[in-house]
Each structure stands twice: as structure tokens, then as C-alpha cells.
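Engineer: Just so you know, we're using full-length UniProt numbering here: the sequence shown kicks off at 1 and counts up by one.
Note that CB positions come from ideal geometry on N, CA and C, so glycine has one too.
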Amino acid sequence: MHRLFLKKYIYLILILSIVISGCKTDMKEIQHLNYATALGVDFVDGKYHLFVQLIGLDAVAKREGEVSTPLTYVSESTGATFLDAFFDLYKTGQEKFVWAHITAIVISESVLKEGLEDVLDELTRYYEFRLTPWIFATVDPIEKVLSTLGLFNQPTLETIMHNPERMNKQNSLVRPIKLYQFFREVLEPARTTYLPSLTINKKQWTKNQKDENKLALDGAFFVQNHQYKGYFTLDELKGIRWISPKSERVALKVPENKSENTIVVFEDVKSNISVENPNNLTYRINVSAEGSIGNKVVNHESYNHLLEKTKESMEKEIKELYHLSKEKNTDFLNLEHSYYRKHYKKWKKIEQNELFLAKTDINISLELTIEHTGAFKNYKFETVTNDKK
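1. Residue 335 and residue 431 - do their beta-carbons sit closer together than 8 Å?
2. So, do the stretch 110 to 126 and the stretch 163 to 170 have three or more beta carbon pairs nearer to each other than 8 Å?
3. Take the Cβ of residue 125 as the centre, count every other Cβ of all protein chains shown within 10 Å, and call the residue buried at 16 or more, exposed below.
4. Measuring only the C-alpha atoms, how far is residue 243 from residue 257?
5. Looking at residue 44 and residue 82, is the spacing between their C-beta atoms short of 8 Å?
6. According to DSSP, simplified to helix, strand and coil, what is residue 126?
7. Mapping the DSSP letters down to three states, classify residue 186 as helix, strand or coil.
8. What number of angstroms, rounded off, separates the C-alpha of residue 195 from the C-alpha of residue 177?
9. Checking 8 Å against the spacing of the C-beta atoms, do residue 34 and residue 95 come in under that value?
10. Is the stretch 198 to 214 touching the stretch 268 to 286, taking contact as three or more C-beta pairs under 8 Å?
11. Between 49, 357, 84, which lies nearest to residue 108 when the distance is taken from Cα to Cα?
12. Give the straight-line distance between the Cα atoms of residue 91 and residue 78, rounded to the nearest whole angstrom.
13. Have a look at 280, 255, 193 and flag the residue whose alpha-carbon is nearest the alpha-carbon of residue 230.
14. According to DSSP, is residue 141 part of a helix, a strand, or is it coil?
15. Give me the Cβ distance between residue 105 and residue 133, rounded to the nearest whole Å; I'm assuming they're in contact under 8 Å.
16. Give the list of continuous beta strand (DSSP E) stretches no shorter than 3 residues that lie fully inside the UniProt domain "Spore germination GerAC-like C-terminal" (220 to 374).
17. If we ignore side chains and look at the alpha-carbon of each, how far apart do residue 131 and residue 186 end up?
18. Between the C-alpha atoms of residue 261 and residue 52, what's the straight-line distance to the nearest angstrom?
19. Count the other CB atoms, across all protein chains shown, that sit within 10 Å of the CB of residue 152; report buried if there are 16 or more and exposed otherwise.
20. List the DSSP bridge partners of residue 192.
21. For residue 219, tell me which candidate among 348, 241, 209, 87 has the shortest Cα-Cα distance.
22. Would you mind working out which of 271, 287, 232, 369 sits nearest residue 324, comparing C-alpha positions?
23. Which residues in the same chain as residue 328 place their Cβ atom closer than 7 Å to its Cβ, once the five residues preceding and following it in sequence are excluded?
24. Which residues does DSSP list as the beta-bridge partners of residue 165?
25. How would you call residue 224, buried or exposed, if buried means at least 16 neighbouring beta carbons within 10 angstroms?
26. In three-state terms, what does DSSP make of residue 170?
27. Could you give the first and the last residue of the continuous beta strand (DSSP E) run that contains residue 36?
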């Protein structure tokens, strides 16, 4: 009996020692971990350059009335492969890295030119990486992009790199996209997708009469079938606002005469592109939008003229984007993808034909509703439908 008790006592001690030692090894205070908040990837001289952004916990958990300078660390490591660069980073990490809190990824144009396969494969393979970060591309130095702070000395978490939807709701330029969305679109046959372009604006903002860098969107980088198609500016891509599903608020400058412009703000933009005639590759682009006027008083005599000019301006932007598609052989409107989805057998016969866009034609239908926001705030103008080729 005594021996049986002694054995049970020894077993109990062994189990407790294993549990206690295991807990002691695995547990880690949160302040002793490296929380990565953004990744940057560049490709220079045959090597991948990995940039990792860390934000100090003080920057996201301030006490009331406390004033502190946000701490932003950016590391650069290199490797022959994207994965090698991570293990190069671990040499100086001091503490364990946590990758589950990344909310932004920025890649360089050189990575797009080299090919995204290696980077996308690694970002979707490791279990800690989530598929929900926003993804951008840039031609600016990635280290500087990841180090740019928000207004009022706020950390980089309060910039469009980590929260692009906030600005998109106020002024839709190019739609923000998350990693899983980009990954899905880049793998879809015949689909052209794009990454918003981040840049550092050095002139627009000053702090105590000194220039202060701020992040901005200046265009987009386009990819089709893993092939890089090029970078295009916001001015070149104006028409993409009318066909993007993420366009929440769009301002259109409508020239009425040589000395006067009217700003019409549209907040409910819906679009649809369909194959109208599959035999001669004719498409129908339908756009419906509800807008308002904020900088001009319009009466019964002048609103018909304004509506006509608004339709002309919107149609011009869409047509310019379409003609640029044909000129640059870059399918901004995803005409080929529409054909692939609805007429697969016909598409299969011409999928290798580089002249696909050159053979297309479009018809545009616009349905606009505009209401006044000035002296006659609640007065709605009539709905106007326009069909033009």
C-alpha cells in the first residue's frame, strides 16, 4: 500500500513538472513580442528585399491626455528567395515575430515585373499570414512608404495604407483591394486586375510651415494572367471610377463653357458590362448614378443643359479609358473576362489572339438622377437616359 501511494505521488510530481515547465516555456508577455503591421517587398539585383513595419504598443494604447511620439520600426532583410529574406530578418529580431496582425502589404514595381508567384505563394502558405491585408504597389522607396506617419503625429496605422476605405468613402479614385481579392482575380482566366499605387506626397501638407510627407494614391498597376501590364496615372484612369464596384463617392467636373465648371458629386454609382453581340465583340456598358450639385444654383431653364453636359463628360471619360485599353493592350474594362464568362467556347478559339481588344466595340447607356443641394435642396431633377455609341 505504501509503495502504491509512493508511485502515485511520483507520477503526480512528474505530470505537474511537465505542465509547469511547458507553460513557462510557451507563455510570453505581449510587450515582449514583435507585432508586424505591414510588409514591403522589393526585388533588386536578383534578390528579394523584405521590409517589415513594427508599431510600438504605446502608439495604439495611449492613456487619456498622454502625448507621445509614435514609434515605427522598419527592418530590411534580403534573400535569394522571399522565404530566405524572412530568415535573414530573424537574425536581428530580438523577440518572436507575430504575423497575424498585418493589415497592409506594399510591393514594388520591380516585383511585378519579376513575377508575383513566389511572393503570393509564401503569403498564402504560412498559417499565421491572413488573407485580409490591403495590398498596394509603389515606385517610391518602400522603407519611406512604411515610415510615413499620419496627420497630427498619428502612427502609420492611421494612414490610407492601413485604412484606405475611409478615404474611398469620401473620394473614390481607384478601388482598394485586399490580398484574397487580388489573389482570386489574378488567377481568374482572362481577367485584368490592378493594385492601387501608393506614393509619398511631399508638397501638399506643411507642419509649422515645414513640408511634411503624407501618403497618397496616384494611379494603379495592372496585371493580367500574372503578366505585368504597366502603371497608369489617376488622370489616365478617370473613367475607371464609373465601372468600379467600389466607387462610393465620385466628383465629376462638368465644363459648361470656357469660364465655368460645375461639380456634380455622385454617391450611388452602379455599372454593368455585358456582351451585346458575341459575333462582332460588341459590348454594352450601363452606368446608373445619383448625384447632387453643391457649387451652383440651377433653375428650370439651365438644368437640362447641365444634364446634357454631365452625360457628355461621363461618357468622354469612359470612352477615353476604352481607347487607352486598345492603345496599350490593357483590358481596363475587363471586356475579355465578360466574354470568357458568357461565351466560353467562342473565347477559347480566340484566347491567344492579342488583337482581342482591337476587335471590340462598345455602346454606352447612362441613367443619371441629379438633385440640387443649394437653394432648392429637396428639388429632384428628372431621370435622363442616354444611349450613344
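Structural biologist: Taking the coordinates as given:
1. Nothing about residue 431 can be reported from this structure: the residues present for the chain run from 1 to 389 only.
2. no
3. exposed
4. 27 Å
5. No. Outside cutoff.
6. coil
7. helix
8. 7 Å
9. yes
10. no
11. 49
12. 12 Å
13. 193
14. coil
15. 5 Å
16. 227 to 233, 250 to 257, 260 to 277, 282 to 293, 361 to 372
17. Each residue's Cα considered, the two are about 14 Å apart.
18. 45 Å
19. exposed
20. 224
21. The candidate whose alpha carbon is nearest that of residue 219 is 241.
22. 232
23. 230
24. According to DSSP, residue 165 bridges with nothing at all.
25. buried
26. helix
27. 34 to 44
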